[in-house]
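Trainee: Under my numbering, the sequence shown has 163 at position 169, and the numbering climbs by one with no breaks.
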Amino acid sequence: MSEPRDSPYPELKKTHTMAHAGRPWTDYKPPPSAPVWAAIEGLGRYYVLLAAIELDVFDTLQQTGPAEIDQLSLAIGAPADHLRSLLDGVVALGLLDQVNDVYELNDTAKRYLVSDGPATMADLIAVAPGPHENWTRLAETVRQGRPATPIEDDPAAFYIPLVEGTFTTMYRCAMRADIKIRYSAMRAPRVLDLGAGGAPWAISILHHNDAATAVVNDLPEVLDVARRKAEEHEVIDRIEFLPGDFHSIDIEPDEYDIVVLGHVCRTEGAEGAQHLIARAFDALRPEGRLILADYFTDPERKANPHAVLMGTTMMASTVKGFTFTHQQFSEWIRAAGFTALRLIEPIGFQQQFVATKPRSPSQPQQHRS
Ligand SMILES: C[S@@+](CC[C@H](N)C(=O)[O-])C[C@H]1O[C@@H](n2cnc3c(N)ncnc32)[C@H](O)[C@@H]1O
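(1) Confirm the yes/no value for this check: CB of Leu213, any heavy atom of ligand 1, distance under 7 Å.
(2) Label Leu186 either buried or exposed according to how many other C-beta atoms from any shown protein chain fall within 10 Å of its C-beta, with 16 as the threshold for buried.
(3) Which residue comes first and which comes last in the beta strand (DSSP E) that contains Gly256?
(4) Is there contact here, the segment 242 to 252 with the segment 148 to 165, by at least three beta-carbon pairs under 8 Å?
(5) Pick helix, strand or coil for Asp292, following the three-state DSSP scheme.
(6) Mind checking Phe343: buried by the 16 CB within 10 Å criterion, or exposed?
(7) Any heavy atom of ligand 1 closer than 7 Å to the Cβ of Leu270?
(8) Our contact map puts Arg260 next to Gly315 with C-beta atoms below 8 Å; I'd like the distance itself, whole angstroms only.
(9) Roughly how many angstroms separate the alpha carbons of Lys351 and Leu303, rounded to a whole number?
(10) Measuring alpha carbon to alpha carbon, tell me which residue in Arg137, Thr163, Tyr177, Ile70 is nearest Gly111.
(11) Where does Gly88 fall in DSSP's three states?
(12) Alpha carbon to alpha carbon, how far is His300 from His126? Give it in angstroms, no decimals.
(13) Within a Cβ cutoff of 7 Å, which residues of the same chain sit near Phe224, ignoring the five residues on either side of it in sequence?
(14) Check whether the Cβ atoms of Leu90 and Leu99 sit closer than 8 Å, and answer yes or no.
(15) Taking the alpha-carbon positions, what's the Leu188 to Pro73 distance?
(16) Is the beta carbon of Pro123 closer than 8 Å to that of Thr312?
(17) From the DSSP output, in three-state form, read off Ile199 for me.
(18) Out of Arg353, Glu339, Ser354, Val348, state which residue places its alpha-carbon closest to the alpha-carbon of Cys167.
(19) Compare the beta carbon distance of Ile173 and Val348 with 8 Å and say whether it is the shorter of the two.
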């Protein structure tokens, strides 16, 4: 028997090295399969987090404090071995800590995953990807050029939980945006919030400015969320609610100091987005400002995976939804007649274009309504 070779896998090594295979030396190294595994695991990662939310894992740990599996098993009402497997998955995602078999909330979980966390996303997790079944039919959606069951078939069913889930983040963003936009310094601004959802922008502006008033638009059923949020934030007496389709409702021209298009353009396609921008322009007084929030991609659609995948999410579940580049939006905003265009990012991943309707508007080039 020959001496073992100095290698952990002598047999493999013998047959696989270039020298033994008789191939010429090359520095080509096969790429790792990690990106493929990352995509495969993506599904499991998402459902591990969703199950943890559904089982109240984070809220339970907030109540118990650091706890071992038997205590958590009792508190949550699930068998210890299954629960441990799930929690270890959550730890693997970096969303919980575990030391010496004791599980504990980490800072990420405390901020984003407990239901009363300061930036909670707990209610967003189930709804953010859109209807889950649409992902299982993605190839067919691409082939057909539209999803079999787009959210437009029953928009309220999708948007009511969505805007509940996004409110905390958008409200945080809108509150922070005052540093850049200074609605607090405006004299009695009149605000129009189109497709307002829970109205995080309008409510934030009213918070910052006691003399501000707002018209809040959304589909009739979704407006109930805005009403509830406005009541909770004690600004409902300064809001007029305007139900209906933002493409066709009557909007008084030259009336508003601020028009908000908050995450409404990307479901509307290029034409629809330009139509909304043109409507905003018409609604504003000279020197009034547009705030347009969305997820924007870089010119080559690859430097910002978050925005790129948001576009794929739109494609999977809406009829016309895609994300667009910063450049496309800036061109559309300028073409509508706006000037003084700038981009702000009050909190991470949340960007808005802010632009001004000039005193003597240059002739808008397209899509006036
Ligand atoms: C992604 S949410 C954004 C909510 C809010 N503006 C924000 O920034 O958080 C999109 C909103 O647009 C509303 N919406 C969709 N189509 C609409 C339409 N045709 N007319 C009015 N609102 C619409 C939805 O109901 C939903 O509330």
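In this text, a Cβ means the ideal position worked out from N, Cα and C, and glycines have one as well. Computed from a predicted structure; not experimentally measured.
Mentor: Taking the structure as given:
(1) yes
(2) buried
(3) 250 to 256
(4) no
(5) coil
(6) exposed
(7) no
(8) 6 Å
(9) 32 Å
(10) Thr163
(11) coil
(12) 18 Å
(13) It is Ala, not Phe, that sits at residue 224 in the sequence shown. Only Ala193, Ile197, Ile230, Ile233 meet the Cβ criterion.
(14) yes
(15) 47 Å
(16) no
(17) helix
(18) Glu339
(19) no
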